[in-house]
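Asker: For reference, the structure I am asking about is given below.
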Amino acid sequence: MEVDKSILETLQPSRFLSFAIPNPNPTLNPSLASPLIRIAVLDSPIQPSSPLIPSVAAMIVPKHRESDWIFSTESGHLQLLLSSPNIQRLILIGQEQQAIINGSSSSSIYRRWIDPDSLNNLEISLKPLVIALSPKSYFHNENLEVPFLCYEDNIVCSLILEKCIGNFVGEMLVEDVEIEGSDQSREFRRRLRFKRMPNLVQTEIRIVPNKVSCLDSVDIGSNSIEFSPDLGVLVHAYLVPMVASLALIGSCIEKYVESGLRPKALCLGVGGGALVGFLKTQLDFEVVGVEVDEEVLRVARKYFGLEDGDLVRVHVRDGMEFMDQLAHGDVGNIVPQFDVIMVDLDSDDPRNGVSAPPIEFFRRDVLLAARSVLRESGIFVINVIPQSRSFYEKLIHEFREVFPELYEINVGNVENFVLIAAKALPCSSSSSDSENKFLTKLRLAISGAYMDSINRIGDASN
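Just so you know, we're using our numbering here: the sequence shown kicks off at 6 and counts up by one.
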C-alpha cells in the first residue's frame, strides 16, 4: 500500500493506517530483519482538551509477536494507545509477517528476546522514519525527538493452541503461556483472548504438566508434554475478590447447608469456566452458567476443564435476557432463588477501552430482574472496570435505586473493583467464624484473600 505522506501531517481522530515498506536496515537488528517492515499509525479518538503540541510516540513490536492481535489489529493498537495517557498518535513498527491462518494451530512459539543495547541502536536508526510519520505541529519549537515506548508483560514464551470464530464474540484464540513467577518458580497458564479486545485476557487458568517431576525440563510446545487444567486455584486478579464476597452471606449459606440444601449461583458470562468450575469443585455450589456464544463453551470444555452435569448447567443465551426470563418464570426446571449472581461481562466496544460491565447494566429493569431472582439474603456481585470515576459513581447511583446495601472490594490493580449489591443487611450468626464450616472452607479455598477487605459504601445523602 502506497501512502501519501501529506495525510499524516495532521491529526485526524481515530484514523488508522497500516502499510508495508522496504526495510531500510535489514541487517542492523535481528528483531527487525525482514525484507519488509509493517508500519501502523493510529490517531487517538480523544480530542486534546487544549491546542497544545500533540504527543507522539512509537513502539517496536516484539520479535515473534508480529501476528499477535495486540500489535496486528486496529483494536489492539487502540488499546495500546489508550493505555498511554495523553498520546495523540502511536506508531507501531514491526516485521511484516503473514498472519496465522484462522482455524489452525500454530507451530510458531514466541520466546521473549531482550537486548537493550541492540534495541537502542534500532530506535536511533528508525528516528528519521518516525519523524516523517509525525504531524507537522509536533515539531513546533524545533522538537525533533519522538519517544519510543517499550511493551512489557509477564510472558516468557507462548504457543497458540487454536484460533476459531464464534457467532457473537468473533475471532478468539487459546494459548499456553509461561509467565514470570513471583518467587522465581515456573508458572504455566492457559488463556482465552478475543480479537475484538486482544489486550484483555478473557479467561486465565493455571495448567500443570502431566507426569513431570521436575519443571526445569518442561518446555511449552514440546510434543512430549501435555498440560492439564488446575481448577483448584483462581489466577485472574478479580475472580478471588468476587468469590471473597460470599463472606458477607457466609452465615446464611451455613444455615442452608446445615438444613441439607446446596448454595446456588448464577454466573453471567462463563468464558472458559474458571469461576463456574471453582464454585462447584471448591465450594460445593450448584451453578447455572449463561454464555452467549456456543463456540466459547466448546473451547471451555476442550481446553479449560468445563464439565456440565447435575451441579453445573450451562445455557447459551444473552445473560441479561436470561435473567429477565428467570424473573418472569419463563425458564423451565430452574427455581429462581439464587444465593449469588456473579457478573463477568465486559463491554464489546473497543473504542471505550477496556470496561465492564456493559452499559446495559445501568438499566433499572435489569437490576430489578436481578433482585427478583435472589434469595432475601442474596447478593449481586459484579466485576467493574470503570471507564472513569464518574462511570463508577453513576453505576453505584443506579444500583442504590434498587439495592439498599452496597459494598465494594478494591482489587488493587488500579483497574478492577468488585461491586456487591445486597437486598438486605448481611444475616448475623451466633456462632463465630471459626465455627462456620462454610466460611472456613471459603477461607481455605482463597487463602483468606480479600475476605476482610469488603467495605460498605455509605449513602451519598448522609
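The C-beta atom is built at its ideal place from N, Cα and C for all residues, glycine as well.
Please classify SER109: is it buried, with 16 or more other beta-carbons within 10 angstroms of its beta-carbon, or exposed?
Answerer: Bear in mind that the predicted position of SER109 carries a pLDDT of just 41, short of 50, making it too unreliable to give a figure here.
Asker: State the beta-bridge partners of THR208 as determined by DSSP.
Answerer: THR208 is bridged to LEU197.
Asker: Please classify ALA270 as buried or exposed, where buried requires at least 16 neighbouring CB atoms within 10 angstroms.
Answerer: Under this definition ALA270 is a buried residue.
Asker: Measure the Cβ-Cβ separation of GLN102 and LEU16 and say whether it is below 8 angstroms.
Answerer: The answer is no: Cβ separation not under 8 angstroms.
Asker: Taking Cβ to Cβ, would you say PHE283 is nearer than 8 angstroms to PHE232?
Answerer: No, the Cβ-Cβ distance between PHE283 and PHE232 is not below 8 angstroms.
Asker: Put VAL317 into one of helix, strand or coil per three-state DSSP.
Answerer: Correct three-state label for VAL317: strand.
Asker: Could you compute how far the alpha carbon of ILE105 sits from the alpha carbon of SER130?
Answerer: The predicted model places ILE105 with a pLDDT of 35, which falls under 50 and marks its position as unreliable, so this point remains unresolved.
Asker: If we ignore side chains and look at the alpha-carbon of each, how far apart do ILE414 and ALA252 end up?
Answerer: Roughly 12 angstroms between the two C-alpha positions.
Asker: Helix or strand or just coil, what does DSSP make of ASP120?
Answerer: Reduced to three states, the DSSP call for ASP120 is coil.
Asker: When you compare each of GLU406, CYS432, VAL46 to PHE367 by their alpha carbons, which one comes out closest?
Answerer: Looking at the Cα atoms, GLU406 is the closest of the given residues.
Asker: Looking at the C-beta of SER77, does it have a partner C-beta in chain D at a distance below 8 angstroms?
Answerer: Note that chain D does not occur in the displayed structure, where there is just one protein chain.
Asker: Between which two residues does the beta strand (DSSP E) containing ALA427 stretch?
Answerer: Looking at the DSSP string, the run of the beta strand (DSSP E) that includes ALA427 is 422-427.
Asker: Comparing C-alpha positions only, which one of LEU97, ILE225, TYR412, LEU444 sits nearest to ASP48?
Answerer: Here the closest residue by C-alpha is LEU97.
Asker: Ignore the nearest five residues each way along the sequence and tell me which others in ASN228's own chain have a CB closer than 7 angstroms to its CB.
Answerer: If we look at ASN228 and ignore the five residues flanking it on each side, it has no Cβ neighbours.
Asker: Does the beta-carbon of TYR156 have 16 or more other beta-carbons within 10 angstroms, so that it is buried, or is it exposed?
Answerer: Answer is exposed; the Cβ neighbour count stays below 16.
Asker: Taking DSSP as the reference, what is the three-state secondary structure of ALA305?
Answerer: The answer is helix: DSSP assigns ALA305 an H, G or I state.
Asker: Let me check understanding here. Comparing Cα to Cα, which of LYS307, VAL217, GLU296 lies closest to MET347?
Answerer: It is GLU296.
Asker: Would you be able to state if there are at least three C-beta pairs under 8 angstroms between the segment 303-313 and the segment 194-202?
Answerer: Verdict: yes, contact present.
Asker: Measuring CA to CA, which of VAL46, PRO40, PRO31, GLN100 is closest to LYS68?
Answerer: Checking every option, the nearest Cα to that of LYS68 belongs to GLN100.
Asker: Go to VAL348, then tell me how far its beta strand (DSSP E) extends in each direction, as first and last residue.
Answerer: Segment 343-348, the beta strand (DSSP E) holding VAL348.
Asker: Going by C-alpha distance, which of LEU124, GLU150, ARG117 is nearest PRO133?
Answerer: When each option's Cα is compared against that of PRO133, the closest is GLU150.
Asker: Among residues of its own chain, excluding the 5 on either side of VAL293, which ones have a beta-carbon nearer than 6 angstroms to its beta-carbon?
Answerer: Around VAL293: LEU271, ARG318.
Asker: Measure the beta-carbon distance from LEU372 to PHE404 and round it to whole angstroms, keeping in mind my assumption that it falls under 8 angstroms.
Answerer: At roughly 6 angstroms, the Cβ-Cβ gap stays under 8 angstroms, so LEU372 and PHE404 are in contact.
Asker: How big is the Cα-Cα spacing for PRO40 and SER190?
Answerer: Spanning the two alpha carbons is a distance of roughly 39 angstroms.
Asker: In the DSSP assignment, find the unbroken alpha helix (DSSP H) run with ILE258 in it and report its ends.
Answerer: Unbroken alpha helix (DSSP H) run through ILE258: 255-263.
Asker: Nearest CA to the CA of VAL275: which residue from ASP344, GLY265, ASP351, LEU220?
Answerer: Of the listed residues, the one whose Cα sits closest to VAL275 is ASP351.
Asker: I need the straight-line Cα distance from ILE12 to ASP188, nearest angstrom please.
Answerer: For ILE12 and ASP188, the distance between alpha carbons rounds to 50 angstroms.
Asker: Which word fits HIS145, buried or exposed, when buried means at least 16 other C-beta atoms lie within 10 angstroms of its C-beta?
Answerer: HIS145 comes out exposed.
Asker: So what does DSSP say about ALA137, is it helix, strand or coil?
Answerer: Note: ALA137 maps to helix in three-state DSSP.
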